[in-house]
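Participant:
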Amino acid sequence: MVAQSLLMGHPLSSPDHARHALLYMYRIRKFEEAVEDLFGRGMMHGTMHLSIGQEAGPTGMCLALRLEDQITSTHRGHGHCIAKGADLTRMMAELLGKKIGYCGGRGGSMHIADAETGNLGANGVVGGGIPIAVGAALASKMQHKGTVAVSFFGDGAMNEGAFHEAANLAAIWKLPVILFCENNHYGMSSSTEKAFAIDRLADRGLGYGIPGVTVDGNDVVAVYEASEAAVARARNGEGPTLIEAITYRWKGHSRSDKNLYRSKEEIDEWKDLDPIPKFIHRVLEANLLRQDEIDAIQKQATDQIIEAVNNAAAAESAEPSGLLEAVFKAVSA
Amino acid sequence: MVAQSLLMGHPLSSPDHARHALLYMYRIRKFEEAVEDLFGRGMMHGTMHLSIGQEAGPTGMCLALRLEDQITSTHRGHGHCIAKGADLTRMMAELLGKKIGYCGGRGGSMHIADAETGNLGANGVVGGGIPIAVGAALASKMQHKGTVAVSFFGDGAMNEGAFHEAANLAAIWKLPVILFCENNHYGMSSSTEKAFAIDRLADRGLGYGIPGVTVDGNDVVAVYEASEAAVARARNGEGPTLIEAITYRWKGHSRSDKNLYRSKEEIDEWKDLDPIPKFIHRVLEANLLRQDEIDAIQKQATDQIIEAVNNAAAAESAEPSGLLEAVFKAVSA
Amino acid sequence: MSDRMLTMAEALREAMGIAMEERPEVFILGEDIGIYGGAFGVTGDLYHRFSPLRVLDTPISELGIVGAAVGAALSGMRPIVEIQFSDFTAQAMDQIANQAAKIHFMLGGALHVPLVLRTPQGSGTGAAAQHSQNLETWFANVPGLKVVVPSNPADAKGLLLSAIDDPNPVIFLEHKLLYKIPGRDPVPEGAIRIPLGVSKVVRTGKDLTLVATGIMVNKAFEVTEKLEAEGISITLIDPRTISPLDMSPILESVEKTGRLLVVQEGPSHGGFINEVIARVSESSSFGSLIAPIKRLAGMNIPIPYAPQLEKAAVPQVADIEVAARNLVKEWR
Amino acid sequence: MSDRMLTMAEALREAMGIAMEERPEVFILGEDIGIYGGAFGVTGDLYHRFSPLRVLDTPISELGIVGAAVGAALSGMRPIVEIQFSDFTAQAMDQIANQAAKIHFMLGGALHVPLVLRTPQGSGTGAAAQHSQNLETWFANVPGLKVVVPSNPADAKGLLLSAIDDPNPVIFLEHKLLYKIPGRDPVPEGAIRIPLGVSKVVRTGKDLTLVATGIMVNKAFEVTEKLEAEGISITLIDPRTISPLDMSPILESVEKTGRLLVVQEGPSHGGFINEVIARVSESSSFGSLIAPIKRLAGMNIPIPYAPQLEKAAVPQVADIEVAARNLVKEWR
Ligand SMILES: Cc1ncc(C[n+]2csc(CCOP(=O)(O)OP(=O)(O)O)c2C)c(N)n1
Ligand SMILES: Cc1ncc(C[n+]2csc(CCOP(=O)(O)OP(=O)(O)O)c2C)c(N)n1
Ligand SMILES: [Mg+2]
Ligand SMILES: [Mg+2]
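Chains as they are written, first to last, in the working numbering: chain A, 636 to 968; chain B, 636 to 968; chain C, 110 to 441; chain D, 110 to 441.
See the structure below:
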């Protein structure tokens, strides 16, 4: 299983850790680029929500998690899924509507889940996964499992009632859950300046008695450190933490976005803050990896994605037969 | 119209103002006592949610409002309705299922509204009225009406998504709305200690950029002063305020409550903090009214309620005919 | 035996108690279900028998608690959520319809959601339009939800135990006027289970097929007894589960009686009775009909407050009686 | 004339523009309806033509914005709320079903809620189960809501103008595959209004009555043309408003054709087609039927993602064709 190769821990704590962090950020980047390409060539159905530019958030957070820890994810969920250790071929196969896809072609990009790596699912509903993560944390507490649940969600999701109700339940029951907000400045076309009357979204925690921290979401080290502290709190029975990771989405919201609500300059400014070179800089500075090793890691990620695309493309298409039977799980006798 | 007799202003600013505040608190108290009595004698249908002990909140808040200002209210809404100036006979008639009742017998206690006094309605749904008040404030702003909208709701309602979404909209659009939380320590059997991980519910405002104030909700003067400030802010275009009025409900949540979740001692302690004698004390101290005048005000309120009950009881019952036609407002040609 | 003439509230409580004893992963969450014992007294003493951890009082947060139940169900627990009035499932519809119902299918079967959502529905308490709806049609229209509407304590117990066992989300709709009345039959002891999706023939006759669920079964039963005296004999069928809907006893009966009357409390549009009619219309039993199918449903109005208005809003015994008699007398 | 062959998105935008010019109290609110022009481009340039105040971009807060629209409607405004996908009306169901729908009745007529909720529904875009539902049955089951399902640009324009005029809450359900295609007929200029609650006979035939709404009207039309060549002539009826539902042209047609086929995209249980069947079954036209009523509806499954699966989930032209042909050929 792919998942078990995950290497937890501080991304600068050893060359292997650095390699892992870098590999996963590259995997996400290359996966998204491949998706964009497949869409562009008309080979993919539906829509797509790319997380290029946001790779440090999921990678840094998931480095602080164990295999059995759980996550809930979003419409923009490829990064979370990859960072938690999912199989790239099955992901890509799902996007291509194949039988071996994670959902057997029934879910697509917005519904990939992977029970083995604790991914309870992307979600087409903004905010939909937040109460679910809280429930997973409740189960962990009730069953004394010692696991932590993380809900990834966007800045936009914070204005849904689901965030509010989930946050309060997490707080009053002191659940081992981390509310991980990827603040990429926009919910579709809606900027955080217009959608919020507060500057720091982490301040939302104040209303629930949940500590809120804001980190540079393009710095995988900073994300890891905040995540690690939140996970420790959660495992200690001290309750939830709200993490706000400041980042930016380079691409349009989805396929149909004309980017009318923001300027090219703004996008370019953020491209200069690319999380991958930022981390490479730290790694080189710390003498953890050499440039040729880094290049090899990038190539490894690219190769893995090419392989995933090829495998997925070659796989058998999902078939309509059996759909009706798939609605309910069979009642065991 | 009853409504026009309302006298706005500080309850200690003149004998008339003091008289008004006291009369309205007594009206609420006596109305509720009459309802309890009618229920006890099997003369009333449905259920009831009494606000005995909480009279200072609605009275103090509404003293800061004009006739054309709007309110949304709750299942425990008799007080709000009376304080905003509704007709007692039509209220009581509604509870008795009469044709002249505010809803023609179709709504009952939980749905009394009065367009003339700006009461957009009690609400059977916890939190249901909060977004509606925000919408009324939005209309006020769009139409440059200069009116303010107040949403009354309980502590329990603060954990509904409706509160959250409404609060955020109010904040980002700087709407002339006041979120008036009657914190009576319980949402049915659920104590604020268990339902919140914060001590001061007004702190919820922090997450939205809304100033939050906590006042003694049994002190009509304190409530008025906080309300007046919030109304001024709102009319000035400075946006919403969250007021938390600390109070207590003497009676059970509704008809079927066995009060298992709180102690008799606790109830008794709060009875000692009765808002009516508390205000009388201030009035006497300030030499605004004499004791005999105060007694006369109490008697006046009692007489008004007796009259309302008698009129309502004598009125014609609502009839099923025409129900189907009442679903939609007729489309004008 | 007479001590087993439980009310529906008692029967439901018994079922939950048995399930909680059987399986540590069963727990209940909802508003005021703990020390208060539930708004309608259904959870009663379970809070004391088990623990505040397994009978979990929640804040007023329907969306949050259903969502938390979904997450817990995905993580090895078997939550039973109580929503205080079915009207407030509106608050939780995203978690019910877009999450719980779809997860198993949409995620390719990797995960499933063994969740029971219990909630009282129906009118008759004078609580008016926001506390009196029958919303079963919302759930029946969502593929992935099973929808149960028990009409009596014994069925309620057996169906609830099956619902808790079921690996899928089950919406369990309890008519609030049934809570406090004992059924016609004693409630069996122990962990009796009644499978979901099996219609029950309550009594057999030859002149008319009458289909009803929930409280309407009681009203219809009264009518069958009354009309029996007039020489009209009625087959009364209670589907018990409206989704999936077991049509076979209904179709068989229609073939025998040639007449069909379907009754529900909620408004007709979208109602389960329409599904029954449509299925009969499509079936080969259609040819056996000797009378047009007749339906009785709630008026197309929000439920009003005053008792005389509230009664007028939903089918009463007398309405069923008239409809049944006319169907038989006028179509021979 | 040819320049009036608008798409449905254009026709809807035109209607909103006219209404906003006519009345200052009309405004639009919703997610990404401003500078973005709407997720499906329906509001387009209205933001620039009017102002950000009248084309009000909101945060992602369906419950909040529908609630705000209710409050504004109670206070003299005429809001048009756009919900980005009808699936997310689930988030706002309390404000839709428990507030907007009931206020006028429940409050004794003192207040009313002139609100239009526009939202795209239906499958075909590969967005899977949480973005592809047809939820009309939820709304149709709630007394106090009017429910409109336009099938073409000209109707969409006229119906939307009437919906904005209506003093009651109207749910306006737009099939997303219709947005970008022009209709068969040109869209009249100016403030044309089509009354709600009036069925439209799209074409007339003698062998079969076919009832459909929304995108299914297009599919059904294709079938009527195709089968005409085979000598099967079909009356196609588009109710346009499913609540209230205008049955008279349907009943009249059934009396003539003796055969009825009803089609919808959403799952059958709770579907409007069931209401049509039930009303026909109860009516005196029932006696004119020479064939069992046939219905076609979406499969009872959440909408899947992969294109081949998604297509299988809802009735396609070929399905309608087969059903129509068989009904006529096999029942004479
Ligand atoms: C409940 C709901 N409302 C609206 C949408 C449509 N929608 C999809 S993504 C999105 C923006 C989400 O913004 P954010 O939460 O910040 O996440 P991001 O896309 O920036 O990652 C919107 C409005 C949805 N999917 N669900
Ligand atoms: C959405 C919703 N959930 C639950 C209920 C049932 N209920 C009615 S009042 C109430 C308690 C409300 O508490 P709070 O808001 O503090 O108001 P209070 O009763 O204390 O005045 C509950 C749970 C309801 N009416 N609406
Ligand atoms: Mg965002
Ligand atoms: Mg309270």
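Positions of the beta carbon are idealized from the N, C-alpha and C atoms, including for glycine. This one's a predicted model, so the numbers in the text were calculated from it and none came from an experiment.
1. Out of C:A421, C:K309, C:P353, which has the shortest C-alpha to C-alpha gap to C:I359?
2. Is A:G714 helix, strand or coil when you go by DSSP?
3. State the Cα-Cα distance for the pair A:I911 and A:K893, rounded to the nearest angstrom.
4. Is DSSP giving C:V311 helix, strand or coil here?
5. Please identify the residue among D:T313, D:N327, D:I351 whose C-alpha is closest to the C-alpha of D:I341.
6. Could you please go through the chain and list the residues whose beta-carbon is closer than 6 Å to any non-hydrogen atom of ligand 4?
7. Output yes or no for whether 8 Å exceeds the beta carbon distance between A:Y737 and A:M726.
8. Apart from the five residues on each side of it in sequence, which residues of its chain come closer than 8 Å, Cβ to Cβ, to B:I929?
9. Using the C-alpha atoms, what's the distance from A:V962 back to C:P276?
10. My output table needs one value for B:T849: the three-state DSSP class, helix, strand or coil.
11. Going by DSSP in three states, B:Q639 sits in which element: helix, strand or coil?
12. Any C-beta of chain C sitting closer than 8 Å to the C-beta of D:I386?
13. Look at the Cβ atom of B:P766, then the Cβ atom of D:L172, and state whether they are nearer than 8 Å.
14. Looking at the C-beta of B:L657, does it have a partner C-beta in chain C at a distance below 8 Å?
15. Measure the beta-carbon distance from D:A237 to A:G742 and round it to whole angstroms, keeping in mind my assumption that it falls under 8 Å.
16. Between B:G844 and chain A, is there a C-beta pair that is closer than 8 Å?
17. Show which residues of chain C have a CB atom less than 9 Å away from the CB atom of A:C738.
18. Counting only runs that start and end within the region 854–910 of chain B, where is the alpha helix (DSSP H) found for 4 or more residues in a row?
19. So if I threshold CB-CB distances at 7 Å, which residues from the region 188–210 of chain C count as touching chain A?
20. Count the other CB atoms, across all protein chains shown, that sit within 10 Å of the CB of A:A867; report buried if there are 16 or more and exposed otherwise.
21. Taking all protein chains shown into account, do 16 or more other C-beta atoms lie within 10 angstroms of the C-beta of D:S232, making it buried, or fewer, making it exposed?
22. Mind checking whether B:A830 and B:G842 have CB atoms under 8 Å apart?
23. Note down, one range per segment and in chain order, each alpha helix (DSSP H) of at least 4 residues found wholly within the region 778–833 of chain A.
24. I want to verify the contact list: residues of chain A whose CB lies under 9 Å from the CB of B:K829, in sequence order.
25. Sorted by chain position, which residues of the same chain lie with C-beta nearer than 8 Å to C:M110's C-beta, five sequence neighbours on each side aside?
26. Which residues, in order along the region 265–299 of chain D, keep a beta-carbon less than 9 Å from a beta-carbon of chain B?
27. Residue range of the beta strand (DSSP E) that C:V389 falls in?
28. State the CB to CB distance for the pair C:P416 and B:H680, rounded to an integer number of angstroms; the pair is presumed to be in contact (CB under 8 Å).
29. Any C-beta of chain B sitting closer than 8 Å to the C-beta of A:G675?
30. Roughly how many whole angstroms lie between the Cα atoms of B:P955 and B:E729?
31. State yes or no: is the C-beta of C:P252 within less than 8 Å of the C-beta of D:P411?
32. Give me whichever residues DSSP pairs with C:S184 in a beta bridge.
33. With 7 Å as the limit, tell me which residues of the region 145–168 of chain C have their beta carbon closer than that to any beta carbon of chain B; keep them in chain order.
34. For D:P161, which residues from the same chain have a beta carbon less than 8 Å from its beta carbon, with the 5 sequence-adjacent residues on both sides left out?
35. Following a CB-centred definition, is D:Q193 positioned closer than 7 Å to any heavy atom of ligand 1?
36. Opposite C:E283 in the DSSP bridges: which residues?
Facilitator: The structure says:
1. Counted from its first residue, the third sequence places residue 359 of chain C at position 250. Out of C:A421, C:K309, C:P353, C:K309 has the C-alpha closest to the C-alpha of C:I359.
2. Position 79 of the first sequence, counted from the start, is the residue given in the question as residue 714 of chain A. It is helical.
3. The residue given as residue 911 of chain A occupies position 276 in the first sequence. The residue given as residue 893 of chain A occupies position 258 in the first sequence. Rounded to whole angstroms, A:I911 and A:K893 show a C-alpha spacing of 26 Å.
4. Stepping through the third sequence from its first residue, residue 311 of chain C is reached at position 202. Strand at C:V311.
5. The residue you call residue 341 of chain D lines up with position 232 of the fourth sequence. Looking at the Cα atoms, D:T313 is the closest of the given residues.
6. Sorted by chain position, residues whose beta-carbon lies closer than 6 Å to a non-hydrogen atom of ligand 4 are B:G789, B:D790, B:G791, B:N819, B:Y821, B:G822.
7. As a position in the first sequence, residue 737 of chain A is number 102, starting the count at 1. As a position in the first sequence, residue 726 of chain A is number 91, starting the count at 1. With contacts defined as CB atoms closer than 8 Å, A:Y737 and A:M726 qualify as a contacting pair.
8. The residue labelled residue 929 of chain B in the question sits at position 294 within the second sequence. Same-chain partners within the cutoff: L657, I915, V918, L919.
9. Looking up residue 276 of chain C in the third sequence gives position 167. Looking up residue 962 of chain A in the first sequence gives position 327. A direct Cα-to-Cα measurement between C:P276 and A:V962 gives close to 12 Å.
10. Translated into positions along the second sequence, residue 849 of chain B becomes position 214. In the three-state reduction of the DSSP assignment, B:T849 falls in the strand class.
11. Here residue 639 of chain B is taken as the residue at index 4 of the second sequence, counted from 1. Its pLDDT being 46, under 50, B:Q639 is placed unreliably by the model, and the measurement read from it follows with that caveat. Helix at B:Q639.
12. By 1-based counting over the fourth sequence, the position of residue 386 of chain D is 277. In terms of beta-carbon proximity, D:I386 lines the interface with chain C, with at least one pair separated by less than 8 Å.
13. Here residue 766 of chain B refers to the residue found at position 131 of the second sequence. Here residue 172 of chain D refers to the residue found at position 63 of the fourth sequence. Going by C-beta atoms, B:P766 is nearer than 8 Å to D:L172.
14. By 1-based counting over the second sequence, the position of residue 657 of chain B is 22. So, not an interface residue.
15. Numbered from 1 along the fourth sequence, position 128 holds the residue referred to as residue 237 of chain D. Numbered from 1 along the first sequence, position 107 holds the residue referred to as residue 742 of chain A. About 6 Å separates the Cβ atoms of D:A237 and A:G742, confirming a contact at the 8 Å cut-off.
16. By 1-based counting over the second sequence, the position of residue 844 of chain B is 209. Output row for B:G844: interface = yes.
17. On the first sequence, position 103 is the one that residue 738 of chain A refers to. Within chain C, the residues near A:C738 are F214, M215, L216, G217, G218, A219.
18. Segments of the alpha helix (DSSP H) lying fully in the region 854–910 of chain B: 855–870, 899–906.
19. Within the region 188–210 of chain C, the residues whose Cβ lies closer than 7 Å to some Cβ of chain A are D203, Q204, N207, Q208, listed in chain order.
20. Here residue 867 of chain A corresponds to residue number 232 of the first sequence, with the count starting at 1. If you draw a 10 Å sphere on the C-beta of A:A867, you find fewer than 16 other C-beta atoms in it, and that means exposed.
21. Looking up residue 232 of chain D in the fourth sequence gives position 123. Per the 10 Å Cβ criterion, buried.
22. Working through the second sequence from its first residue, we reach residue 830 of chain B at position 195. Working through the second sequence from its first residue, we reach residue 842 of chain B at position 207. In this structure, B:A830 sits away from B:G842, with a CB-CB distance that is not shorter than 8 Å.
23. For the region 778–833 of chain A, whole alpha helix (DSSP H) runs of length 4 or above, ordered along the chain, are 796–807, 827–830.
24. Along the second sequence, one-based indexing puts residue 829 of chain B at 194. Chain A residues near B:K829: I807.
25. Walking along the third sequence from the start, residue 110 of chain C turns up at place 1. In this predicted model, C:M110 has a pLDDT of only 48, less than 50, meaning its place in the structure is not dependable enough to derive any value.
26. Within the region 265–299 of chain D, S271, D274, D275, P276, N277 place their CB atoms closer than 9 Å to a CB of chain B, listed in sequence order.
27. To locate residue 389 of chain C, count along the third sequence from 1; it is residue 280. Counting along the chain, no beta strand (DSSP E) covers C:V389; the unbroken alpha helix (DSSP H) around it starts and ends at 381–391.
28. For the purposes of this step, residue 416 of chain C is identified with residue 307 of the third sequence, where counting begins at 1. For the purposes of this step, residue 680 of chain B is identified with residue 45 of the second sequence, where counting begins at 1. Here C:P416 really is in contact with B:H680; their C-beta atoms are around 5 Å apart, less than 8 Å.
29. Indexing the first sequence from 1 puts residue 675 of chain A at position 40. With 8 Å as the cut-off, A:G675 does not count as an interface residue toward chain B.
30. Within the second sequence, the letter at position 320 stands for residue 955 of chain B. Within the second sequence, the letter at position 94 stands for residue 729 of chain B. Cα atoms of B:P955 and B:E729: separation of roughly 15 Å, rounded to the nearest angstrom.
31. As a working mapping, residue 252 of chain C is identified with position 143 in the third sequence. As a working mapping, residue 411 of chain D is identified with position 302 in the fourth sequence. Cβ atoms of C:P252 and D:P411: closer than 8 Å.
32. On the third sequence, residue 184 of chain C is found 75 positions in, with the first residue counted as 1. For C:S184, which the question treats as bridged, DSSP gives no partner whatsoever.
33. For the region 145–168 of chain C, which is checked against every Cβ of chain B, the residues closer than 7 Å are Y145, D166, P168.
34. Taking the first residue of the fourth sequence as 1, we reach residue 161 of chain D at position 52. Cβ-Cβ distances below 8 Å link D:P161 to G143 in the same chain, with the five nearest sequence neighbours on each side left out; the list follows chain order.
35. Within the fourth sequence, numbered from 1, the residue matching residue 193 of chain D stands at position 84. At a threshold of 7 Å, D:Q193 counts as near ligand 1, since its beta carbon sits closer than that to one of the ligand's heavy atoms.
36. To locate residue 283 of chain C, count along the third sequence from 1; it is residue 174. C:P229, per the DSSP bridge assignment.
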